[in-house]
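Please read the structure below before turning to the comments.
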Amino acid sequence: MSRYRQARAESTLERQLAALDDARELAEGRLDDAVLAEVYGVLERATSRRSLSADHTVVGFFGATGSGKSSLFNAVSASDTARVAVRRPTTSEPLAVVWGPAGSAPLLDWLEVADRRDGTPVPGLTDDGGGLVLLDLPDFDSIQLSNRRTVERLAGQVDVLVWVVDPQKYADAAVHNDFIRPFSTHAAVTLVVLNQVDKLAPSEVKPVLESLESILDRDGLGNVAVSGVSAVTGQGIPELRRRIAAVVKAKAAKSARLAADVSVAAQRLAEASGEGDAAGVHQQERKALAAALAGAVHVETVVSAVRSSYKLDATKQTGWPVTRWLSRFRKDPLRRLSLRREGTAEVNRTSMPPAGAAEVAQIDSSVRDFADAASHGSSGPWRASIRAAARNNREGLPDALDQAVSGTDLKANTRAWWWPVFAVIQWLALLVAVGGLLWLGALAALGYFQMPVPEAPKVEDWPVPTLMVIAGVVLGIFLAITSKFLAMAGAGGRAAQARRRLRESVTEVAEDLVVTPVEAEIAQYRAFQEALEGARAR
1119 MSRYRQARAE STLERQLAAL DDARELAEGR LDDAVLAEVY GVLERATSRR SLSADHTVVG
1179 FFGATGSGKS SLFNAVSASD TARVAVRRPT TSEPLAVVWG PAGSAPLLDW LEVADRRDGT
1239 PVPGLTDDGG GLVLLDLPDF DSIQLSNRRT VERLAGQVDV LVWVVDPQKY ADAAVHNDFI
1299 RPFSTHAAVT LVVLNQVDKL APSEVKPVLE SLESILDRDG LGNVAVSGVS AVTGQGIPEL
1359 RRRIAAVVKA KAAKSARLAA DVSVAAQRLA EASGEGDAAG VHQQERKALA AALAGAVHVE
1419 TVVSAVRSSY KLDATKQTGW PVTRWLSRFR KDPLRRLSLR REGTAEVNRT SMPPAGAAEV
1479 AQIDSSVRDF ADAASHGSSG PWRASIRAAA RNNREGLPDA LDQAVSGTDL KANTRAWWWP
1539 VFAVIQWLAL LVAVGGLLWL GALAALGYFQ MPVPEAPKVE DWPVPTLMVI AGVVLGIFLA
1599 ITSKFLAMAG AGGRAAQARR RLRESVTEVA EDLVVTPVEA EIAQYRAFQE ALEGARAR
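Going by my numbering, the sequence shown opens with residue 1119, and the numbers climb by one from there.
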């Protein structure tokens, strides 16, 4: 592999690892902890392996009991370092034979391989002088639990996996299901060897190899070439050495192995997450949520109070002075709800009854409906997390809504422009009527005391004082009636303005406590999906 291709593979792997780590972090608290722990383990192994010798390729020989794995290891390494005996299992600790020992010690420490031997030059295997570590491992079907754990650990750490099978057990379902098939995504760094072909008749070798290839194809390793070898006769050993040497020379096994691990981890995350995509938050759902919450906190009750309060204030200011004082005995609806500000005083709470079971149920129902709509189409775990985000502020939502209502400026102290005009005219009309009454009273008093009574001026044969009384009373009543209609129109406008302001306040609370957390969770879900795609990209 050229240096350019190597650098490109490393750069791609770097991006995949970063994306996988992002996906893992985004999924914290949302996906199964066991899956996240697996992914974290892959990232830890990848980080550790990349920090260790890049000049060495670690090739592990894995096999079941009786497969002749150690004999094959000795044949490939042209040594007798691996113990071979009739008693099984023979290998209980991993053994390493190292070519190019410089820089290999930290790598072998990480692999936890204590038994290390320096290899001698082997034609066809070490011709290019590249760093190579061959590992002879315990049987992966060993009855000793510690041996199995060692094999499972190193299967996740070596750069190249060499599966050694024999004619008797090559089709064993346990071998394939428990060990070979889980590494089907690692085809690029996998070699499969059928050992002990010397025990087969020459006519049986090809059918057995074809049968093994067919099984491997079902395992997902259809592109992996199978080598038929014999550690006893040496058949196929040179070819196997050349294949291992080619992998070492390419110096791509480490990156390919880690890329395959990332792909598996990304697939595990994808399976734990499930398929789907959240519908997201739309304006229609926003409006429905705000309207439902406004109903739950009785916004229309406040609007009605604003309307009644406006009409009451208008009556107090523009009603007929003779009867308007009666309105002062009526309680202001807004003051009764503690929503009437006096000066700059701030109102922290309303005097409306606290949210009861019905109101709380309505709030919960509206939040649930909103979350269901926003999370529609998403996978199970993320749907649950989106719903949880919507309910995260459930306890404080009723109080926040009440404070939003109490903190809304309802413009209750704002007077209409026509109020002072009508008030002045009303008082003038009353003064005219009172003046006329006093005038008539004075004339009556003079007549009562038998004193000369001057003739009152007339207009169209109507005495002026009488006209003054009639005009003042009629004008006052007319203005009072007119102000009623104007007050009704003004109250409607003031109520509409209050409704708009209250709904804006309720919408702001809904946005802060429900919509924003849901949008953040959906954004996290989509970022997770993007990161997962980045981890899968090759």
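All C-beta atoms, glycine included, are put in the ideal place defined by N, C-alpha and C.
Inter-residue spacing [alpha-carbon to alpha-carbon] between residue i and residue j
i            : j            : result
residue 1270 : residue 1522 : 60 Å
residue 1305 : residue 1633 : 46 Å
residue 1291 : residue 1637 : 48 Å
residue 1176 : residue 1376 : 13 Å
residue 1438 : residue 1516 : 43 Å
residue 1227 : residue 1506 : 45 Å
residue 1650 : residue 1160 : 15 Å
residue 1530 : residue 1424 : 7 Å
residue 1188 : residue 1258 : 13 Å
residue 1341 : residue 1179 : 19 Å
residue 1183 : residue 1287 : 9 Å
residue 1274 : residue 1366 : 19 Å
residue 1143 : residue 1158 : 10 Å
residue 1681 : residue 1137 : In the structure as shown, the chain starts at 1119 and stops at 1656, and residue 1681 therefore has no counterpart that could be examined.
residue 1323 : residue 1299 : 23 Å
residue 1447 : residue 1548 : 22 Å
residue 1264 : residue 1504 : 43 Å
residue 1204 : residue 1316 : Note that residue 1204 scores a pLDDT of 43, beneath 50, so its modelled location is shaky; the value from the coordinates is reported in the next line. For residue 1204 and residue 1316, the distance between alpha carbons rounds to 18 Å.
residue 1562 : residue 1573 : 12 Å
residue 1406 : residue 1514 : 20 Å
residue 1355 : residue 1326 : 18 Å
residue 1642 : residue 1140 : 10 Å
residue 1482 : residue 1630 : 16 Å
residue 1462 : residue 1588 : In this predicted model, residue 1462 has a pLDDT of only 43, less than 50, meaning its place in the structure is not dependable enough to derive any value.
residue 1465 : residue 1457 : Legend: pLDDT at residue 1465 = 48, less than 50; position of this residue unreliable, value from coordinates given subsequently. Those two C-alpha atoms are separated by around 7 Å.
residue 1369 : residue 1126 : 13 Å
residue 1145 : residue 1511 : 21 Å
Spatial neighbours of residue i in its chain, beta-carbon cut-off 6 Å, leaving aside the 5 residues before and after
i            : result
residue 1578 : none
residue 1212 : 1231, 1253, 1255
residue 1153 : 1386, 1390
residue 1206 : Residue placement at residue 1206 is flagged as unreliable, the pLDDT there being 47, under the threshold of 50; the coordinate-derived value follows with that caveat. The residues are 1183.
residue 1302 : 1337, 1338, 1339
residue 1412 : 1621, 1624
residue 1528 : 1424, 1616
Where residue i falls, given that 16 or more other Cβ within 10 Å makes a residue buried
i            : result
residue 1261 : exposed
residue 1586 : buried
residue 1314 : buried
residue 1295 : exposed
residue 1449 : exposed
residue 1244 : buried
residue 1378 : buried
residue 1501 : buried
residue 1381 : buried
residue 1133 : exposed
residue 1400 : exposed
residue 1647 : buried
residue 1599 : exposed
Contact set for residue i: own chain, Cβ-Cβ below 7 Å, skip 5 residues either direction
i            : result
residue 1358 : 1194, 1311, 1345, 1347
residue 1374 : 1306, 1307
residue 1609 : 1425, 1428, 1429
residue 1131 : 1373, 1376, 1377
Identity of the residues DSSP links to residue i by a beta bridge
i            : result
residue 1281 : 1180, 1310
residue 1576 : 1581
residue 1217 : 1250
residue 1175 : 1250
residue 1234 : 1214
residue 1611 : Note: residue 1611 sits in no beta bridge, so no partner.
residue 1497 : Its beta-bridge partners do not exist; DSSP assigns none.
residue 1652 : Answer by DSSP bridge pairing: none, since residue 1652 is not bridged.
C-beta contact flag for residue i and residue j at 7 Å
i            : j            : result
residue 1645 : residue 1494 : no
residue 1436 : residue 1560 : no
residue 1185 : residue 1278 : no
residue 1489 : residue 1508 : yes
residue 1349 : residue 1190 : yes
residue 1135 : residue 1172 : no
residue 1519 : residue 1627 : yes
residue 1551 : residue 1432 : no
residue 1352 : residue 1497 : no
residue 1225 : residue 1309 : no
residue 1654 : residue 1383 : no
residue 1558 : residue 1583 : yes
residue 1242 : residue 1360 : yes
Cβ-based neighbour list, residue i, same chain, cut-off 8 Å, excluding 5 preceding and 5 following
i            : result
residue 1235 : 1197, 1199, 1213, 1214, 1215, 1216
residue 1484 : 1406, 1407, 1410, 1411, 1414
residue 1594 : 1438, 1439, 1440, 1544, 1547, 1548, 1551
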